[in-house]
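Peer 1:
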Amino acid sequence: MQEKTNNVAAASAALGLNIHKRKSEILPCNTTFTSPITIDGEDLEDVKTFTYLGSIIDEQGGSDADVKVRIAKQKRHIYN
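Number 124 in this note's numbering belongs to position 62 of the sequence shown; there are no gaps in the numbering.
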C-alpha cells in the first residue's frame, strides 16, 4: 500500500498537484497494515468509515452503514 501511495504522490507532483496530507485518510478494507502509510514522512490517519460523495463506506468495503442511515432518514419523514 505504501508503494502505491508513493506512486500516486509522485504522479500527482509530476502534474503539479499536491496531496493535502492532513486531509488524506486511509481506510483499510479487509486488511491490516503493520506500519503506518506516509506521504513525505507524514503519517496518514487510519479511519473506520469514510464518507465519499454522500455515501458511507466501512472498513469491510460495504455500505451497510450508509443504507442504515438512509433508511433512518426516510423513517423520520414517513412517521413524523
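Ideal placement from N, C-alpha and C gives every residue a C-beta, glycine not left out.
(1) Bridge partners of E87, per DSSP?
(2) Return the first residue and the last residue of the alpha helix (DSSP H) that S74 is part of.
(3) Which residues in the same chain as I81 place their Cβ atom closer than 8 angstroms to its Cβ, once the five residues preceding and following it in sequence are excluded?
(4) Assign I99 to buried or exposed, taking buried as 16 or more other Cβ atoms, counted over all protein chains shown, within 10 Å of its Cβ.
(5) Whose C-beta lies closer than 6 angstroms to the C-beta of D120 among residues of the same chain, with five residues either side of it excluded?
(6) Going by the CB atoms, is the gap between S86 and L115 shorter than 7 angstroms?
Peer 2: In brief:
(1) For the purposes of this step, residue 87 is taken as residue 25 along the sequence shown, with counting starting at 1. Beta-bridge pairing links E87 to E107.
(2) Within the sequence shown, residue 74 is the residue found at index 12, counting from 1. First-last of the alpha helix (DSSP H) with S74: 64-76.
(3) For the purposes of this step, residue 81 is taken as residue 19 along the sequence shown, with counting starting at 1. Counting only Cβ-Cβ distances below 8 angstroms, and skipping sequence neighbours, we find V70, A71, S74, I101.
(4) Looking up residue 99 in the sequence shown gives position 37. Buried, because 16 or more other Cβ atoms sit within 10 Å of the Cβ of I99.
(5) Here residue 120 refers to the residue found at position 58 when the sequence shown is read from its first residue. These residues qualify, in order along the chain: T111, A127.
(6) Residue mapping note: residue 115 aligns to position 53 of the sequence shown, counting from 1. Residue mapping note: residue 86 aligns to position 24 of the sequence shown, counting from 1. Not in contact: L115 and S86 (Cβ atoms no closer than 7 angstroms).
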